Structure formats: C-alpha cells, structure tokens
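Novice: Residue numbers for the sequence shown follow UniProt numbering, so the first one is 1 and each next one is one higher.
The beta carbon of each residue, even a glycine, is placed where N, CA and C say it ideally should be.
Here the structure is a predicted model, which means the values were calculated and not measured.
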Amino acid sequence: MKHIWTYLIGIIAGLGIIAGLIYAGKTWQQAHQPQAEPETAETPGLPATPASWQKIGQGKSLRYVALGDSLAAGFYTAKETDSYQYRIRDYLKNNLGFSVSLDGFWKAGATVTSLALPNVQKVIAMKPDLISIEYGTNEQDTTNPYYATPEQFKTNLTQLVTQLRSALPKARIVLLTPWQSTTPAPYRQVVQAVGAANSGSVVDISSVWHNQANISSKTTQSWQGTGDGYHPSSQGNLAIARLMVKAIDKIYVH
1 MKHIWTYLIG
11 IIAGLGIIAG
21 LIYAGKTWQQ
31 AHQPQAEPET
41 AETPGLPATP
51 ASWQKIGQGK
61 SLRYVALGDS
71 LAAGFYTAKE
81 TDSYQYRIRD
91 YLKNNLGFSV
101 SLDGFWKAGA
111 TVTSLALPNV
121 QKVIAMKPDL
131 ISIEYGTNEQ
141 DTTNPYYATP
151 EQFKTNLTQL
161 VTQLRSALPK
171 ARIVLLTPWQ
181 STTPAPYRQV
191 VQAVGAANSG
201 SVVDISSVWH
211 NQANISSKTT
221 QSWQGTGDGY
231 HPSSQGNLAI
241 ARLMVKAIDK
251 IYVH
C-alpha cells in the first residue's frame, strides 16, 4: 500500500511539473511574440485610414505651402493650429507617413493680388510638393482696396496658378472655393473653372458654411478673441480639412 501511495504521489508531482512547464512556455511565448500592428492610422477628427497607407510617404519628405486669407490664418479657432492647413499637415504625416513641413502666406483680408502674387517667387523658391490656394472671399468686398470683379478675379487667379504650374510642374495644387458672402456663386465658379483649366484639384467648401454649427460663435473665445459669427470655428476648419482629405487621397492614394 505504501508503494502505491508513493507511486501516486510521484505521478501527481510529475503532472504538476509538466503543467508548470506548459504554463511557463505559454507565458514566455506570449511575452516574446511580436505585437500585432494597428490596423488603422488616425489624425484626431479626420477619417481613419488603413495603416498600410503610411508606407506611401515612408522615408519621403513633403513640403506643403498654404496660401490664403483669414480662413487659413485660423480666425476664429480655439487655437491657431486648429486651422485647416495644420490638420492637413498632420494627416499627411500620421496617415500617409510623410515627413511634412508647412509654410506659406496667409493673412486676414488677403487677396490674390495683395498677398499671393507679390510672394509668388518666394513660394516657388520653397519648392513645394503641395500647394493649397484659398482666395475669392475678400475679392468680393467692395471696401477692400483689392476688390476684384469675377472677371478680374479669374485673371488674377489664373496668373497665380499658371506661374506656379510653369515653375513647379510636379507640384500638386488644391484650390478651395470662397467662404460665405453675398455674391458667392460667380467667384466659386471662377475657382472651379481655373482649377479645371490647370489640372488643379478643387475643394468646394460651400457645405461647411451652410451649416451654422461650423461658424464661430460670438459667445465663445478663440485665440483671436471672441468669435464673430462669420468665420469657421475649430469644428468648421475640421470640416474643411475633411473635404480636403478627399482631394489629398485622390492625389497620393488612388
């Protein structure tokens, strides 16, 4: 009987050792197996994309130059870097994997003739890979010294785009339609026509300013002070960036 108990104890002990070895092996395997890579890449507020898209820009630098008026300047977002071009910069980096630098010329009240054309040679010298152009709102303001009729605006915008296209044939150009105004349609049509004639991508942002939720409130604070009830808020700039992302994806992904 004593031998039987000794035998059983030996079996139990052996099974315990085996179980311990199996558990230790599984623990080691779990600790040393490669971690699964994330399936998507994300930039806050913008659409998530397949993680594989990060390979598109991997090891590549991309210089992005933005040209525009107070919209590009971020009036009246919570913070300056909430304006749409910073969102696009982050998307190019986080979702498409590029090493991105952002530069450009943007200023409240700016027009093609007051800011863009005087600095076009500086833009060319930057050798950008991507250029966004957002004008046509202040051109409609008859009190602006640089007011332009739709015909004049078309001439000026065409001059800007053709100069950039001639000097930077590989640069991708994205044109944004004007912000809300009393006479938006003719100026929006100019942007669409110039873009089509010069192989530029056109982003129509009309849907953004038609949604009151995207407009800065006169009761909220921004980095420029209290909102004015006209310019896009941080949410509005995010909505603009979402529309731009569709054009960006067509350029670099599809």
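By how many angstroms is the C-alpha of residue 150 removed from the C-alpha of residue 48?
Specialist: On the sequence shown, residue 48 is found 48 positions in, with the first residue counted as 1. On the sequence shown, residue 150 is found 150 positions in, with the first residue counted as 1. For residue 48 and residue 150, the distance between alpha carbons rounds to 38 angstroms.
Novice: Taking buried to mean at least 16 other C-beta atoms within 10 Å of its own C-beta, is residue 231 buried or exposed?
Specialist: As a working note, residue 231 is residue 231 in the sequence shown. Buried, by the Cβ-count rule.
Novice: Count the other CB atoms within 10 Å of the CB of residue 205; is the residue buried (16 or more) or exposed (fewer)?
Specialist: Taking the first residue of the sequence shown as 1, we reach residue 205 at position 205. Buried.
Novice: Enumerate in chain order the residues of its own chain whose CB-to-CB distance from residue 238 is below 7 angstroms, with the five nearest sequence positions on each side excluded.
Specialist: Position 238 of the sequence shown, counting from 1, holds the residue named residue 238. Answer for residue 238: 45 and 87, listed in chain order.
Novice: With the cut-off set at 9 angstroms, would you say residue 130 and residue 92 are in Cβ contact?
Specialist: For the purposes of this step, residue 130 is identified with residue 130 of the sequence shown, where counting begins at 1. For the purposes of this step, residue 92 is identified with residue 92 of the sequence shown, where counting begins at 1. With respect to the 9 angstroms criterion, residue 130 and residue 92 are classified as neighbours on the basis of their beta carbons.
Novice: According to the Cβ coordinates, are residue 233 and residue 225 closer than 9 angstroms?
Specialist: Locating residue 233 in the sequence shown gives position 233, where the first residue counts as 1. Locating residue 225 in the sequence shown gives position 225, where the first residue counts as 1. At least 9 angstroms separates the beta-carbon of residue 233 from that of residue 225.
Novice: Could you spell out the range, first to last residue, of the beta strand (DSSP E) harbouring residue 240?
Specialist: Stepping through the sequence shown from its first residue, residue 240 is reached at position 240. In the DSSP assignment, residue 240 falls outside any beta strand (DSSP E) and within the unbroken alpha helix (DSSP H) covering 234 to 252.
Novice: Please confirm whether residue 208 and residue 174 have their CB atoms less than 9 angstroms apart.
Specialist: For the purposes of this step, residue 208 is taken as residue 208 along the sequence shown, with counting starting at 1. For the purposes of this step, residue 174 is taken as residue 174 along the sequence shown, with counting starting at 1. No. Outside cutoff.
Novice: What does a CB cutoff of less than 7 angstroms around residue 119 pick up in its chain, not counting 5 residues either side in sequence?
Specialist: Counting from one through the sequence shown, the residue named residue 119 turns up at place 119. Result list for residue 119: 105, in chain order.
Novice: Between which two residues does the alpha helix (DSSP H) carrying residue 206 extend?
Specialist: Here the question's residue 206 lines up with position 206 in the sequence shown. Counting along the chain, the alpha helix (DSSP H) containing residue 206 begins and ends at 206 to 209.
Novice: Considering Cα atoms alone, identify which of 246, 136 and 99 is closest to residue 116.
Specialist: Residue 116 sits at position 116 when you count from the first residue of the sequence shown. The shortest Cα separation from residue 116 among 246, 136 and 99 belongs to 136.
Novice: Tell me which same chain residues have a C-beta within less than 7 angstroms of the C-beta of residue 100, skipping the five on either side of it?
Specialist: Along the sequence shown, one-based indexing puts residue 100 at 100. So the qualifying residues of the chain are 62, 64, 89, 92 and 93.
Novice: Report yes if the CB atom of residue 183 is closer than 9 angstroms to the CB atom of residue 148, and no otherwise.
Specialist: For the purposes of this step, residue 183 is identified with residue 183 of the sequence shown, where counting begins at 1. For the purposes of this step, residue 148 is identified with residue 148 of the sequence shown, where counting begins at 1. It is not a contact, given that the beta carbons lie outside the stated cut-off.
Novice: Does residue 104 come out as helix, strand or coil in the three-state DSSP assignment?
Specialist: Residue mapping note: residue 104 aligns to position 104 of the sequence shown, counting from 1. Reduced to three states, the DSSP call for residue 104 is strand.
Novice: Taking the C-alpha atoms as reference points, what is the distance between residue 172 and residue 216?
Specialist: Locating residue 172 in the sequence shown gives position 172, counting from the first residue. Locating residue 216 in the sequence shown gives position 216, counting from the first residue. When rounded, the distance between both Cα atoms is 30 angstroms.
Novice: Between the alpha carbons of residue 109 and residue 50, how many angstroms are there, rounded?
Specialist: What you label residue 109 is simply residue 109 of the sequence shown in a count that begins at 1. What you label residue 50 is simply residue 50 of the sequence shown in a count that begins at 1. The straight-line gap from Cα to Cα measures roughly 39 angstroms.
Novice: Establish whether the CB of residue 214 and some CB of chain D are separated by less than 9 angstroms.
Specialist: Although the question refers to chain D, the structure presented lacks it and comprises just one protein chain.
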